[in-house]
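For the sequence shown, the UniProt record's numbering begins at 1 and goes up steadily by one. Quick reminder that beta carbons are idealized off the backbone N, C-alpha and C, glycines included. All figures in this text were calculated on a predicted structure; none of them were measured in a lab. Here's the structure, in structure tokens; my notes come after.
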Amino acid sequence: MIFSRDPESSSQIDIVTRGDFKLSPKRSDGQARPQHETIGSPGSATLASPTSEGQGPFSEPTHTPAQSFISADVPDGAASPQRTSEESYLSIATNNFNDSSLESTDSKKGNETPQPKPTARDLDWDGPDDKANPQNWPALKKWFITFTVALDCLCVSLGSSLYVEAVPDLMIEMGVSQTLGISGLTFYLIGLALGPVLAAPVSEIIGRRWIYIVSLPMGMLFTMGVGLAKNIRTILVLRFFSGFFNSPPMSVAGGTVSDLWSNDPAQLAVAMALFCLAPFLGPIIGPIVGGFAVDNHSWEWTQWVLLIFCGGIMPLLVLCPETLKPAILKKRAIKRGIELDKPKMDLALLKKIATIFLFRPVEMLIVEPIVCLTSVYIAFVFAVLFGFFQAYPIIFRGIYEMNRGVSGLPFIGVGVGLIIGVLGFIQFDHTFFHPKNEDGSRVKRDENGEPIELAPESRLAVAVIGSVFLPIALFWLAWTSRESIHWIAPTLAGVPFGFGLIWVFFGIVLYYSMTYPPQCLASALAANNVLRYSLASVFPLFIFDMYEELEVDWATSVFAFIALVMVPIPFVFYKFGHKLRLKSKYSFEAEAKRLAAEKEDEDSQEAFEFKFNETGSIRSEPNEGAGSPFVPSTRTMTEADDMVANKA
1 MIFSRDPESS SQIDIVTRGD FKLSPKRSDG QARPQHETIG SPGSATLASP
51 TSEGQGPFSE PTHTPAQSFI SADVPDGAAS PQRTSEESYL SIATNNFNDS
101 SLESTDSKKG NETPQPKPTA RDLDWDGPDD KANPQNWPAL KKWFITFTVA
151 LDCLCVSLGS SLYVEAVPDL MIEMGVSQTL GISGLTFYLI GLALGPVLAA
201 PVSEIIGRRW IYIVSLPMGM LFTMGVGLAK NIRTILVLRF FSGFFNSPPM
251 SVAGGTVSDL WSNDPAQLAV AMALFCLAPF LGPIIGPIVG GFAVDNHSWE
301 WTQWVLLIFC GGIMPLLVLC PETLKPAILK KRAIKRGIEL DKPKMDLALL
351 KKIATIFLFR PVEMLIVEPI VCLTSVYIAF VFAVLFGFFQ AYPIIFRGIY
401 EMNRGVSGLP FIGVGVGLII GVLGFIQFDH TFFHPKNEDG SRVKRDENGE
451 PIELAPESRL AVAVIGSVFL PIALFWLAWT SRESIHWIAP TLAGVPFGFG
501 LIWVFFGIVL YYSMTYPPQC LASALAANNV LRYSLASVFP LFIFDMYEEL
551 EVDWATSVFA FIALVMVPIP FVFYKFGHKL RLKSKYSFEA EAKRLAAEKE
601 DEDSQEAFEF KFNETGSIRS EPNEGAGSPF VPSTRTMTEA DDMVANKA
């Protein structure tokens, strides 16, 4: 573990790019710290390693066994090294140490002053090969954790659609209307929308593992309550809490995947694709399993099946270790007898959490065109998927006279489209974003072999392609759902819908990740998540009446026309997104402007220190983002340097 201590300010920023170089603090006289001032060794709490006298700003630094990371000093005016997309990251540790703690033992005698204790976030790995670092774990272990958290997300989303098959029996048994019966789905989705607002910040404090272990049993208890309920009011209340307590993995699992794979962009794309597939695949499996469960048993079995799924995943979650860096290092520090300062839940911290996950998401939905329009687009497509839970029974039970169990099988078409979309995205990523080079690396390079940082808008190519498939699929479903046409035709319409859905989602989330710094990214994703599930919760309430009034062809065509109108959204951002990013107050470009202004005001730039705003929005280490599903491109520091150079 490493502590970096700042001699002159109360906040020191250590910048680490995968162990390649580190900007270490200097003494007040401007010289690099001598070797005797580097405290400790690998395996103990140490300071950032010093650099040798006379080194250039980016020359190869001296590296001794006692040094945990390679470091380099950057003098005033030096440009920070160019970093390619997803190839380097910022690791930021804020400290409150003063210079007296760095003095030699002799100078301290008779003049010893108490020093503030470090916090868990002041700690760092023993070195780039630290076995405690999740990125250095064996591949088999990392894939086990990835599959487990993805299964957990699948189980959570499965709980939404399983219930739908119970609605006809609930209407008869409890004497309720179609709308009131389907409200159980609405309440569950509202719980899924609100749960992550609390879970994401809590996971950054107590760790990700405990979120999984605590939330799933709580969700199971409320699921059991739904199965035992005797009236619709009880069912609706319990369905909300079931969704609320089941939802945390949906916001935390992305952070877990980033913790494991952020040092390997090619594998990260595969792992993230698998994780993102799960929330979409669960709703597809639910009607199939739930239909046969109700046909052969009773409506309560929709809940018992969900309990069986959750119970099977629970032992796997218990076997998964913690992956959040501060949580791992805090546990290690306790074992090594290092006394840490306990984090205080003060008003400032609560205000920061509320800003990231409550106030800023609402503001971004209103003032950020990128977040507003793309969130509405994803929310609409997601809502149409949940509208299918009402539309498919009307089509396949009503027109094709299938029984309840068999009528769920046409959802396989959507599932096949989702899987094809994920496999296609992985291939697309490996071909265009991270092509394999002769040296085995996966970095986009120009004709001279130099790494290229692609513009954020390049990621929207995925959404542009996916958007074209959605209206095609909906028109296909609308005008092939009739007795004179075989049932396989409307079933196959689900394939392009699933493909388009997952590609639009991938493209937009990737665009977010390269446009906003992590804490602003967390706000953008929170806004997208709440809007997505909120709109999806409303659609099932009116689908039945809409299809009864307009009939299948025109009712489905309404959604197709809306999807057609929305096709230009990713095209517009692909073409003009760079201009919107420059005007945004939350983007990497905005952060670079702030840093450039602060750099100019600094009296001394020898240690390449940046003061950060109170939100810390430049924080870019993958495992620091609250549930961020994709690792952002780090270019802010270079942009700040360029701005200062241009003004000079």
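{"Check": "In chain order, each beta strand (DSSP E) run of at least 3 residues that lies wholly inside the segment 207-273", "Outcome": "none"}
{"Check": "CB contact flag (methionine 272, isoleucine 232, <9 Å)", "Outcome": "no"}
{"Check": "Close-in-space but distant-in-sequence residues of the same chain around leucine 307 (CB under 8 Å, 5 per side omitted)", "Outcome": "Met220, Thr223, Met224, Gly227"}
{"Check": "Residue from Val289, His297, Val252 whose Cα sits closest to the Cα of leucine 162", "Outcome": "Val289"}
{"Check": "Residue closest to tryptophan 137, alpha-carbon to alpha-carbon, out of Ala555, Ser262, Ile465, Val164", "Outcome": "Ser262"}
{"Check": "For isoleucine 419 and proline 201, believed in contact at Cβ under 8 Å, the rounded distance", "Outcome": "That belief does not hold up - the Cβ atoms of proline 201 and isoleucine 419 are roughly 33 Å apart, past 8 Å."}
{"Check": "For arginine 445, the residue or residues it bridges with in DSSP", "Outcome": "Pro451"}
{"Check": "Proximity of valine 149 and valine 252 at Cβ, strictly below 9 Å", "Outcome": "yes"}
{"Check": "Alpha-carbon spacing of glutamine 35 relative to leucine 277, whole angstroms", "Outcome": "The predicted position of glutamine 35 is uncertain, since its pLDDT is 39 and thus under 50; a value taken from the coordinates is nonetheless stated next. If you take the alpha carbons of glutamine 35 and leucine 277, they lie about 50 Å apart."}
{"Check": "Endpoints, alpha helix (DSSP H) assigned at methionine 171", "Outcome": "167-174"}
{"Check": "Isoleucine 366 and glutamate 483 closer than 9 Å at C-beta", "Outcome": "no"}
{"Check": "Helix, strand or coil at glycine 110 according to DSSP, with G and I counted as helix", "Outcome": "Residue placement at glycine 110 is poorly supported in this model, since its pLDDT is 48, which falls under 50; the coordinates are not used for a value here."}
{"Check": "Cβ separation of alanine 461 and tyrosine 574, assumed to be a contact under 8 Å, to the nearest whole Å", "Outcome": "7 Å"}
{"Check": "Three CB pairs or more closer than 8 Å across the segment 418-434 and the segment 501-513", "Outcome": "yes"}
{"Check": "Expected contact under 8 Å - CB spacing of methionine 250 and leucine 192 to nearest Å", "Outcome": "7 Å"}
{"Check": "For glycine 413 and glycine 494, the rounded distance between their alpha carbons", "Outcome": "5 Å"}
{"Check": "Nearest to leucine 185 (by Cα), restricted to the options Lys579, Ser537, Ala522, Ala592", "Outcome": "Ser537"}
{"Check": "Contacts around leucine 535, its chain only, beta-carbon distance under 8 Å, and the 5 residues preceding and following it disregarded", "Outcome": "Ala379, Phe380, Phe382, Ala383"}
{"Check": "Beta-carbon proximity of leucine 329 to alanine 132, cut-off 9 Å", "Outcome": "yes"}
{"Check": "Three-way DSSP call (helix, strand, coil) for leucine 579 in this model", "Outcome": "Note that residue 579 corresponds to lysine in the displayed sequence, not to leucine. In the structure shown, lysine 579 sits in a helix (DSSP, three-state: H, G or I)."}
{"Check": "Three-state class that DSSP yields for tyrosine 516 in the structure shown", "Outcome": "coil"}
{"Check": "Backbone secondary structure at lysine 436 - three-state DSSP", "Outcome": "strand"}
{"Check": "Classification of leucine 582 by the beta-carbon crowding that lies within 10 angstroms, buried from 16 upward", "Outcome": "exposed"}
{"Check": "Rounded C-alpha distance that separates leucine 492 from isoleucine 285", "Outcome": "16 Å"}
{"Check": "Distance, glutamine 519 Cα to alanine 597 Cα", "Outcome": "21 Å"}
{"Check": "Simplified DSSP state of glycine 127, which is helix, strand or coil", "Outcome": "coil"}
{"Check": "Cβ-Cβ distance between phenylalanine 386 and phenylalanine 411 below 9 Å", "Outcome": "no"}
{"Check": "Threonine 179 versus valine 376: straight-line alpha-carbon distance, rounded", "Outcome": "24 Å"}
{"Check": "Close Cβ partners of phenylalanine 309 (< 8 Å) along its chain, the five nearest in sequence each way excluded", "Outcome": "Cys155, Leu158"}
{"Check": "Cut-off 6 Å between Cβ atoms - residues of its own chain near phenylalanine 499, not counting five sequence neighbours on either side", "Outcome": "Gly417, Ile420, Gly421, Phe469"}
{"Check": "Whether valine 362 touches alanine 524 by CB criterion (9 Å)", "Outcome": "no"}
{"Check": "Which of helix, strand or coil DSSP assigns to serine 484", "Outcome": "coil"}
{"Check": "Pick from Arg239, Met402, Ile452 that is closest to glycine 181, judged by C-alpha positions", "Outcome": "Arg239"}
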